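For reference, the structure is listed below as structure tokens.
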């Protein structure tokens with residue numbers, strides 16, 4: 708399944724910087740909309756790596772959350788994107804736009820109040836949204852997925 712987008716691309720840049728702040732584990736589920744959980748489960752089901760949600764509500768006006776995941780290769784990046792797109796569509800949530808599908812380095816699925824970023828590992832390291840948006844709150848997802856989140860096990864500081 709290929710996504711088409713006619714919307715203009717725009718720069719995603721932070722307004723300020725600080726350390727990532729984790730939301731307490733018990734509150735992670737109640738902090739997030741079910742659509743975001745659907746996107747995360749879809750990505751996890753396709754073996755997405757290093758799933759992260761950043762809460763941008765206090766520092767950005769264009770969206771509330773970033774969902775950031777990685778895939779090992781172009782095919783997996785597209786498969787993750789397809790699964791998220793289709794699962795949310797089936798539940799009545801359509802993406803306002805999709806960008807980057809053909810290149811499969813960084814696929815952006817814009818749902819308005821949250822944006823799903825599906826990266827190749829190389830692109831994720833290069834763009835490093837977690838660092839750029841480090842003033843955001845990072846939501847710990849592992850407890851909600853039974854501690855079974857996929858990880859590339861990279862330890863880069």
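Residue numbers (our numbering): 708 to 864.
All residues carry an ideal CB built from backbone N, CA and C; glycine is no exception.
Quick caveat: nothing in here was measured; it's all calculated off a predicted structure.
Best match in 813, 787, 847, 829 for proximity to residue 746 [C-alpha to C-alpha]:
Residue numbering aside, residue 746 sits at position 39 when the chain shown is read from its first letter. The residue with the shortest Cα to Cα distance from residue 746 is 787.
Evaluate contact between the segment 761-774 and the segment 834-842, counting only Cβ atoms and requiring at least three cross-stretch pairs below 8 Å.
yes
Under 8 Å by Cβ, that's how I've got residue 777 and residue 827 pegged, so tell me the actual separation to the nearest angstrom.
Walking along the chain shown from the start, residue 777 turns up at place 70. Walking along the chain shown from the start, residue 827 turns up at place 120. Confirmed, Cβ separation roughly 7 Å.
Opposite residue 821 in the DSSP bridges: which residues?
Start at 1 with the first residue of the chain shown, and residue 821 comes out as number 114. According to DSSP, which records beta bridges pairwise, residue 821 is partnered with 772.
Using CA atoms only, rank isn't needed, just tell me which of 832, 774, 783, 757 is closest to residue 820.
Along the chain shown, read from residue 1 onward, the residue named residue 820 stands at position 113. Of 832, 774, 783, 757, the residue nearest in Cα terms is 774.
What does the alpha-carbon distance come out to for the pair residue 748 and residue 740?
Here residue 748 refers to the residue found at position 41 of the chain shown. Here residue 740 refers to the residue found at position 33 of the chain shown. For residue 748 and residue 740, the distance between alpha carbons rounds to 13 Å.
With distances taken Cα to Cα, identify the nearest neighbour of residue 833 among 817, 812, 816.
Against the chain shown, residue 833 aligns to sequence position 126. Answer by Cα proximity: 812.
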